[in-house]
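Note sheet for the following structure.
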Amino acid sequence: MNELVRRSAAEIAREVGAKRLSASEVTEAVLARVDEVDDRVGSYLTRLHELARRSAQRVDERVAAGEKLPLAGVPVAIKDNMCLTGTRTTAGSKILENWIAPYTATAVQRILDAGGIPIGKANLDEFAMGSSCENSALGVTRNPYDLARVPGGSSGGPAAAVGGFEAAIGLGSDTGGSIREPGAFCNIVGFKPTYGRVSRYGLIAFASSLDQIGPLTRTVEDAALAYDAMAGHDPMDSTSIDRPVEPAAAGLRTDLKGLKIGVVKEFVTEKLGPEIDALYRRAYSELTDLGAEIVEVSLPSADYGLATYYLIAPAECSSNLARFDGVRYGLRVEGDDVGQMYEKTRSAGFGAEVKRRILIGTYALSSGYYDAYYVKAQKARTMFAQDFRKAFERCDLIAAPATSGPPFEFNAKSDPYSMYMMDYYTIPMSLAGLPALSVPCGYAGKPQLPMGLQLCAPLFEEAKLLAAAHAYEQATHYASQLAVAL
Amino acid sequence: MIAPTKYEAVIGIECHVELTTRSKMFCGCANEFGGEPNTKVCPVCLALPGALPVANKAAIEHMIRAGLAFGAEIPAFSKFDRKNYFYPDMPKDYQISQYDMPLTLGGSVRYWLDDGTIKECRLTRIHLEEDTGKSMHAGGDGRIAGSAYSLIDFNRAGVPLMECVSEPDLRSAQEAVGYLEALKRTFVLLGVSDVKMEEGSLRCDANVSIRPVGSTALGTKTEIKNMNSFRSVLRAIDSEIARQTEILESGGRIVQETRGWDESQGVTHSMRSKEEAHDYRYFPDPDLVPIEIDAALIENLRKTIPPLPAQRFERYLSEYKLDPKQATQLIDNVPLAQYFDEAVAASGNAQQSTNFVLGDLSRLANETGVAVQASPVTPAQLAELIELVEAKTINSKIAKELLERMWAGEGSPKAMVEKDGLAQTSDAGEIGRFVAAVLAENPKAVADYKSGKTNILGFLTGQVMKASRGKANPALVNELLRKELD
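Chains as they are written, first to last, in my numbering: chain A, 1 to 486; chain B, 1001 to 1486.
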């Protein structure tokens, strides 16, 4: 493996910026890596070799012209639910299998403007619905640490690309844990900023009130760099927050002195088995070693997370996905009349999980059930925000498991409910719109596979969150202790 | 046989009016009628994957002004909801509309009937929503059934629409039309819509029921859909009242249903029954943040509301003693009415102002294609002319001539009268000389008169006027002629 592909985004940007390395050299190395391993890993649905080379050339020109680019030459894997002009953008669905986006998502554009190089469009669970990346209609992505196992979902493609050294930054989207969970499975950092911090314009919607773009990276510093490039108000997204962004990359620290870190009483790890329980206990004590004080906090609503999420997210998706009707773009299956055309198109175009959620959501919003399901779920969601507000009166950050176990084998979770349970620890933060990340914290299972520690901060405290995660990462270095399978 | 007068109608109107804004409701595309199909579209109004709406501030301000004009309540908090149903013209397969928290609540519309009676109809609400595109069915007779294919023009998709919902306060088709005319006049006056019916910028549905006179209970209603001219509204409601009356008289029962209006047959026909009604699954649009309305904004907008048409109508009838038809004629041309008001203010003479504005000035406007208010004749000059007429300085014939010269840009009538010596003369000696000359030149006419053909007097008067170049006081001419002849 060319050592260039192992470099972090920060190193690459620094070297390219100092003209000790060219964006084109890095890009060639990464493209070669993709050609070498991606037939086995399957991170990418679409490889963008030509575009990557052109972009690298352009970045080298910009650097030569004296431009300071915070992500100069950094190879980026873009989850394929984000639009990029002129490229196939599928959302992992047959219904958009051949759709070419005529415009670029704001977050993607900001990464490219900062000097990022688009390497490819990465695989995902169809319309970002899933926790293993097994729900993609267009390809299989494997965990780079064990090809027999899933990379996690729904951002499995970008997570596997970054974990397997096929990119330095992955752009993922997190609705109920879809960045943090594959981040943990692929032994990398998965960071979901505050809801509204990064524009959703150009992100194919799953559940609008929860969807959030964020970076998947091999280091916390890289996550901070990517975040700094993407975050900030976008007039094209009315839910994007118009409020100054505190730069995160500049404020990273190496200790946790003076920080109170809350551990959630209801997130009992004992029921996850002795090995995982011990792993998270060790992680919490590592936080104390760095100077943090651990306090117990309570999220009384914790057990309602899944039920709340699986009403709100499907309700929104049932409406968001209505536009895929065969009239204007994407797949069309002809019928005798327009109604039949809709039916045939959507029957053929959507996979089982997407259909399941559309049905749940349609039901939850239908007259007669709206108050019992949707309204109640919205009320529960308010409870989560209140619970967290209360908890943060007692602590600066919250630490929790990222997943309930290490990466599993394909088809291991055949019933939807056991799959939904994967997101038990990530969903509460999503419902409350909080910034949260997952950082490698050791290994579990046989063979030993990656696990992630989740850290979560109050709204808009991304800088504090990343600073603390950086301290933990620098003290532990779990990511580098396990070799990828290829 | 029961007399038809036994029943009274109860009518409520839902009326859609397109707002005049530069851009569409949720994107920056031009809000203009016409153009090549699908040229005024973007990712947002075509609902491309990932596109997001951003609300148009100008449209919201138009709504608030419309609400204020009708004395509606403007709640401090409003939101957009999604109305979900599949329709090929509608790009997202849901319409962004407002459900339980519209921008305006209540208020009432004062309107008048042809006989000058002023009436009032309460409003339930006015809410804001977006328009759909337009289908054209090709290869058949223009209907969807039998057409080979359909084409859709999305230029209108996303144009802001306000929906005005009235209370069932209207009692006849004439009242319904009076109410709609008042809406139209007010919207044009406020500049919130140009209400071009021929461009479909006003469309309405009517809920019609009948009940025995004196009853307060409501009968079963039917909804007549999609009428787009006042004439259709009048005919459709009358025909529906007749249909319902006939059913009740023959002992039948009215079925609650949606009915379409067939313009060519002059009848309404059943479209769908209540049982087939849609479940729109309204829920708050998670892509749009709630609208918070500042009290200061409301106060600023309140200052921009001019006196309303009904106020002006009442004033014209009570103060100026105009007849309802003249008043309506003026009010239907707002700039002309403003011109008229200025002329009355300057001349203090409403009757003469009405005569000139609706008479000679409107005629000149028609002949030249220049609007009265855009002509060189200022209200002040018109007042001067009226003063000359009233003071009997000039007679009506000279006034007419002067007005034509003023229209041509010759300026002040007083100056012209002085310069050209056009002042009417009442000098008996001077007129006597003209009379003597005319009688001497027309012995035959004199003989005719004396033999009893007294109507020849008109001819002789004309000759004297001509001889005086129009300046002679016609009454005096008449008097002197009689004196000489009798």
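Idealized CB from N, CA, C, for every residue including glycine.
Query                                                                                                                          : Result
Listed by chain order, chain B residues near residue 96/A by CB distance under 8 Å                                             : 1049
7 Å Cβ shell around residue 42/A - same chain, five flanking residues per side excluded                                        : 123, 139, 140, 141 and 142
Sheet register partners of residue 1073/B (DSSP bridge)                                                                        : 1105/B
Proximal residues to residue 283/A (C-beta, below 6 Å), its chain only, five neighbours per side dropped                       : 441 and 453
Spatial distance of residue 1305/B from residue 100/A (CA atoms)                                                               : 48 Å
Cβ of residue 102/A within 9 Å of any chain B Cβ                                                                               : yes
CA nearest to the CA of residue 1413/B, picked from 1428/B, 1430/B, 1395/B and 1448/B                                          : 1395/B
Against chain A: residues of the segment 1259-1292 of chain B by CB proximity under 7 Å                                        : 1279, 1281, 1283, 1286, 1287, 1288 and 1289
For residue 1122/B, the three-state DSSP class (helix, strand or coil)                                                         : strand
Residue-chain proximity (residue 1015/B, chain A), Cβ-Cβ < 9 Å                                                                 : no
Residues that residue 201/A contacts on chain B, provided the C-beta gap is smaller than 8 Å                                   : 1050, 1051 and 1052
Any non-hydrogen atom of the ligand MN closer than 8 Å to residue 1373/B Cβ                                                    : Of the ligands one can find in the structure shown there are none, so the ligand MN has no counterpart to examine.
Residue 317/A (DSSP reduced to helix, strand or coil)                                                                          : helix
Alpha helix (DSSP H) segment containing residue 1355/B, residue limits                                                         : 1350-1356
Interface flag, residue 339/A vs chain B, CB-CB below 9 Å                                                                      : yes
Where residue 1399/B sits in the DSSP three-state scheme                                                                       : helix
Under the three-state DSSP convention, the category residue 175/A falls into                                                   : coil
Chain-ordered residues of the segment 1084-1096 of chain B with a beta carbon less than 8 Å from chain A                       : 1084, 1086, 1088, 1091, 1092, 1093 and 1094
9 Å Cβ cut-off: residues of chain B touching residue 373/A                                                                     : Per Cβ cutoff of 9 Å: no residues; residue 373/A is ~11 Å from chain B at best.
Outcome for residue 1212/B when other beta-carbon atoms lying within 10 angstroms are tallied against a minimum of 16          : exposed
Contacting positions in the segment 46-63 of chain A - beta carbon closer than 7 Å to chain B                                  : none
is_contact[residue 1152/B, chain A] using C-beta, thresh 9 Å                                                                   : yes
Test: residue 1018/B CB closer than 9 Å to a CB of chain A                                                                     : no
Whole-angstrom distance between residue 1142/B and residue 1001/B, CA atom to CA atom                                          : With a pLDDT of only 43 at residue 1001/B, under the threshold of 50, the placement of this residue in the model should not be trusted, and no figure is reported.
Short Cβ contact (9 Å threshold) for residue 1209/B with residue 1374/B                                                        : no
Within chain A, the residues that residue 1046/B reaches when beta carbons sit closer than 9 Å                                 : 328 and 329
Whole runs of the beta strand (DSSP E) within the segment 1158-1222 of chain B, excluding any shorter than 3 residues          : 1160-1166 and 1202-1212
Neighbouring residues, chain B, relative to residue 83/A (Cβ below 9 Å)                                                        : 1043, 1048, 1049, 1050 and 1051
Beta carbon of residue 159/A nearer than 9 Å to that of residue 76/A                                                           : no
Opposing strand residues paired with residue 190/A [DSSP bridges]                                                              : 216/A and 438/A
Chain-ordered residues of the segment 204-237 of chain A with a beta carbon less than 8 Å from chain B                         : 204, 205, 207, 208, 209, 235, 236 and 237
Rounded C-alpha distance that separates residue 18/A from residue 63/A                                                         : 9 Å
Span of the beta strand (DSSP E) around residue 47/A                                                                           : 44-47
Closest Cα partner of residue 135/A within the set 389/A, 470/A, 351/A and 472/A                                               : 351/A
Inter-stretch contact at 8 Å, needing at least 3 Cβ pairs: the segment 1237-1255 of chain B / the segment 1048-1058 of chain B : no
Span of the beta strand (DSSP E) around residue 454/A                                                                          : 449-456
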